[in-house]
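Residue numbers for the sequence shown follow this note's numbering, beginning at 450 and rising by one.
Glycine included, every Cβ here is placed at the ideal spot set by N, Cα and C.
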Amino acid sequence: MYESFEMSSFLAGLPLGMAVAGIVCFLVWRKGKKERRFDERYKKIHESARSFSWAVTTIVILVAWGIVMFMEPPGTAFFVLMTVYLLHMLSYLIGAVVAARKN
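Encoded structure:
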């Protein structure tokens, strides 16, 4: 490691940053709840955005996977992309099962 790098400062700052981000998110959510920002329109817009984002991410992962397969022999990058794709689709399956049980 670098001589000027202090691991204790890094390890103290990481949870502190996460705590500050959590507090800010909570305060924004609470204020939005009071102002009724999170209505049906908000939910519909964000459901559509997540659906579009999911499709784009799937395509990007598959294209990157294909590029890695042709550019390099099967190695670490191939298996990392395969794992990301499998986790991506597994989370979709779990989300579909949960959504089907709710409806």
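- Judged by DSSP in its simplified three-state form, E521 adopts coil rather than helix or strand.
- The criterion of a C-beta distance shorter than 8 Å is not satisfied by V509 and L530.
- In this structure, W514 places its C-beta atom within 8 Å of the C-beta atom of Y534.
- Its Cα nearest to that of G544, the residue R499 stands out among L460, M520, V512, R499.
- Judged by DSSP secondary structure, R485 falls outside any alpha helix (DSSP H); it is assigned neither H nor E.
- In the structure shown, the three-state DSSP call for S502 is helix.
- It is roughly 16 Å from the alpha-carbon of E496 to the alpha-carbon of S540.
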